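Numbering (the working numbering), first residue to last: 1 to 337. To start, the structure itself, in structure tokens.
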């Protein structure tokens, strides 16, 4: 089988039994670059009937003329020595002497080709994941939406450092927007459900006082849901962009915006994974708020490559400015009055 480097075009035929069937990558000894490799990528070997000139022509671009000349000179010298040292002046066939001399292909360092075996497959896949920056939700290979949604939320909640480090700060807005809206909608749905369950007595008394028929109540629920869901989604989307813009401006003020606005937007979007805590009644809102801030701090720090202190300051800066503004307005009002 023949392996060819996609970077420099360097190629060589190697025995098929030397390449593991589960090979994941190979390292070119000519340019030193590693490239993805599998048995299916290997090219068919050159025909055995190919002439020596064809083989030499196929590798002439990879070897300098001086190296070829040196190799040819050493081969001629060795042939002359063998001729002189052969008993009774008997000459060996030229074909045997040529086979005993390393050919130009044999001189090439293709024996140094490194093929990653199966035991390194996990490391190679992890390295590719880190460089690509793909999250489970943004991975186009994922076909199960619920599984990718769950995996993304789990990684963001439990291992936010590695999650935001691997996240690509560029890309499209579609994935982070859909993730944030889905998680936020689930959280608000459960909060609405708990509100109805824990205030059922009050709701029953209000409906009884209004003297509404069951049909009217059912129609009101359907119409209210049809109106409130789109309004809620638009409000969440607008709030997401506004909060991201304010945070990014604060990062620019602090000279910590080392990633594009989309990176800040993704941090805000995936930090909404904390909305799953809204499923918990009573304390769910508090836990979601606190852990959401923690995710934002870690996400901003990793995506923009800044310290935790500057990340905290960027997030709290709007509140600090608002407090200062309120104090100034209060003092101004006191002076005028």
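Backbone N, C-alpha and C fix where the C-beta goes; we use that ideal spot for every residue, glycine too. The model shown is predicted, which means the values in this text are computed figures rather than measured ones.
Which of helix, strand or coil DSSP assigns to residue i
i           : result
residue 213 : coil
residue 13  : strand
residue 259 : coil
residue 7   : coil
residue 167 : coil
residue 101 : Confidence is the limiting factor: at residue 101 the pLDDT is only 44, short of 50, which leaves the residue's position unreliable and the question unanswerable from this model.
Neighbour-count burial assignment, residue i, 16 or more Cβ in a 10 Å radius
i           : result
residue 149 : buried
residue 28  : buried
residue 87  : Any reading at residue 87 must be qualified, since the residue scores a pLDDT of 47, below 50, and its modelled position is unreliable; the value itself is stated next. Exposed, because fewer than 16 other Cβ atoms sit within 10 Å of the Cβ of residue 87.
residue 155 : buried
residue 248 : buried
residue 339 : Coverage of the chain is limited to positions 1 through 337, which leaves residue 339 absent and any answer about it impossible.
residue 164 : buried
residue 145 : exposed
residue 326 : exposed
residue 321 : exposed
residue 328 : exposed
residue 2   : exposed
residue 147 : exposed
residue 275 : buried
residue 15  : exposed
residue 179 : buried
residue 342 : A question about residue 342 goes unanswered here, because the residues of the chain that appear run from 1 up to 337.
residue 302 : buried
residue 175 : buried
residue 138 : buried
residue 244 : buried
residue 409 : With the chain covering only 1 through 337, there is no way to say anything about residue 409.
residue 264 : buried
residue 345 : With the chain covering 1 to 337 only, the question about residue 345 has no answer from this structure.
residue 172 : exposed
residue 152 : buried
residue 251 : buried
residue 288 : buried
residue 333 : exposed
residue 314 : buried
residue 224 : exposed
residue 235 : exposed
Run of the alpha helix (DSSP H) containing residue i, from where it starts to where it stops
i           : result
residue 298 : 284-303
residue 280 : It is not in any alpha helix (DSSP H) - residue 280 carries neither H nor E in the DSSP assignment.
residue 151 : 145-158
residue 332 : 308-336
residue 181 : 174-198
Segment limits, beta strand (DSSP E) that includes residue i
i         : result
residue 2 : 2-4
Is it a yes or a no for the segment 208-216 touching the segment 299-312, going by three-plus beta-carbon pairs under 8 angstroms? no
Would the segment 153-162 count as touching the segment 258-276 if we require 3 or more Cβ pairs under 8 angstroms? yes
Could you tell me whether the segment 184-197 touches the segment 272-289, using the rule of 3 or more Cβ pairs below 8 angstroms? yes
Tell me whether the segment 287-297 and the segment 229-238 touch, counting them as touching only if at least three CB pairs, one residue from each stretch, are closer than 8 angstroms. no
On the three-pair Cβ rule with 8 angstroms, is the segment 254-265 touching the segment 195-209? no
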